[in-house]
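Quick note on numbering: UniProt numbering labels position 73 of the sequence shown as 73, and the sequence is numbered without any gaps. Every residue, glycine too, gets a C-beta built ideally from N, C-alpha and C. Structure, as structure tokens:
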Amino acid sequence: MNLGKYINLSAEDRLKLFLSTLSVTNRTPEYYVNWFKVERETRQFELELNTLNYLIGKENIREEALKLFVKQPDLLKAVPTLIASRDKILDILTIDEDDNMVFDKLDFSKIDTERISEYIDFVEKSGLLDFLQNKAKRSLVDYVYGVEAGLDSNARKNRSGTTMEGILERHVAKLTDKLDLEWKAQATAPFIKENWGISVPVDKSERRFDVAVYSKEKHKLWLIETNYYGGGGSKLKAVAGEFTELSQFVATSPDNVEFIWVTDGQGWKTAHLPLAEAFGHIVNVFNLNMLKEDFLLDLFNR
């Protein structure tokens, strides 16, 4: 299948082909852990963590911790990381033996030196002091590397879209270099107007297109949006509707502008009806296999 045959199919047949060639995954090896972020977050508290190594294995650890934090209160800033929390201001519920509930807040971004004992109480009740006394055997810097790798894995659900953007950008960069075209990632309508002299109607003022490609020779613009859905859900219906509306906005441009939607993922098999409606309005809906088959190259060459 090539682009010419694909776009000449009926919307129903294009949809069938699209669904039959969806990828199983877009997870490159880089998807699993963002080691740059892990390194950055760990190094942020490297000095504090090395100082806190002093507490490892201490017998009277509460007293030692109290003395240490009174002398160096900013060491407490490392506590959220040690308990695997991205939040630096923690809302805390305490329940006593009579089931009385007390709500409190501790700010670990700006240490209140008048509340050191309360910080210590939290560190103790969280189990961190017990960990430092009885379980920590190695450098806390090494331990936090592991914590950060685990925290980073929680961001994977947002990483598929970023991965697709990276794949698309690398693909477009090669094509535009080959075809002497210009391109811009995260392009806004004002940027496009100022640099390429093309008007792009948008559905919202802050709209950024994942990739914009411009042909000076043809004075033509291609706007590309991309995403990936490995699982189903109600969001897919909303996404299909959003890009259908966006393509219709773009089509009202007085200039030569063409909209492209690059999407993939087995999740689309659970959203047949909204996707079918999108295919009725958007001709250029491609998946990763279609990029591999040079659909974009053929489109830019038309």
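| Query | Result |
| --- | --- |
| Leu9 - DSSP class collapsed to helix/strand/coil | coil |
| DSSP three-state assignment for Asp130, whether helix, strand or coil | helix |
| Simplified DSSP state of Ile120, which is helix, strand or coil | helix |
| Ser247, enclosing alpha helix (DSSP H) - first and last residue | Lys235 to Ala251 |
| The beta strand (DSSP E) enclosing Thr263, as first and last residue numbers | Asn256 to Asp264 |
| Same chain, Cβ closer than 7 Å to Ile61, five either side skipped, listed in chain order | Leu55, Leu129, Leu132 and Gln133 |
| Bridge-paired residues (DSSP) for Ser215 | Lys220 |
| Cβ contact (3+ pairs, closer than 8 Å) linking the region 144-153 and the region 65-72 | no |
| Rounded C-alpha distance that separates Lys88 from Leu151 | 14 Å |
| Beta-carbon contacts of Ser247 that lie in its chain and below 7 Å, excluding the five residues immediately before and after | Phe259, His281 and Ile282 |
| Beta-carbon proximity list for residue 314, same chain, < 7 Å, skipping 5 on both sides | The chain is shown from 1 up to 302; residue 314 falls before or after that span and cannot be answered. |
| Neighbour-count burial assignment, Leu47, 16 or more Cβ in a 10 Å radius | exposed |
| Segments assigned alpha helix (DSSP H), at least 4 residues, entirely inside the region 16-82 | 35-43, 46-52, 61-71 and 79-82 |
| 9 Å Cβ cutoff met for Thr94 and Glu41 | no |
| Status (buried if at least 16 other CB within 10 Å, exposed otherwise) for Leu275 | buried |
| Runs of beta strand (DSSP E) wholly within the region 159-185 (minimum 3 residues, chain order) | none |
| Proximity to Leu288 [Cα-Cα], best of Arg14, Ile167 and Leu9 | Ile167 |
| For Phe103, three-class secondary structure by DSSP | strand |
| Contact under 9 Å by Cβ, Leu223 with Val239 | no |
| Proximity of Leu296 and Gly267 at Cβ, strictly below 9 Å | no |
| Cα-Cα separation between Lys77 and Glu114, rounded to whole angstroms | 15 Å |
| Buried or exposed by the 16-neighbour rule on C-beta atoms within 10 Å, applied to Phe36 | exposed |
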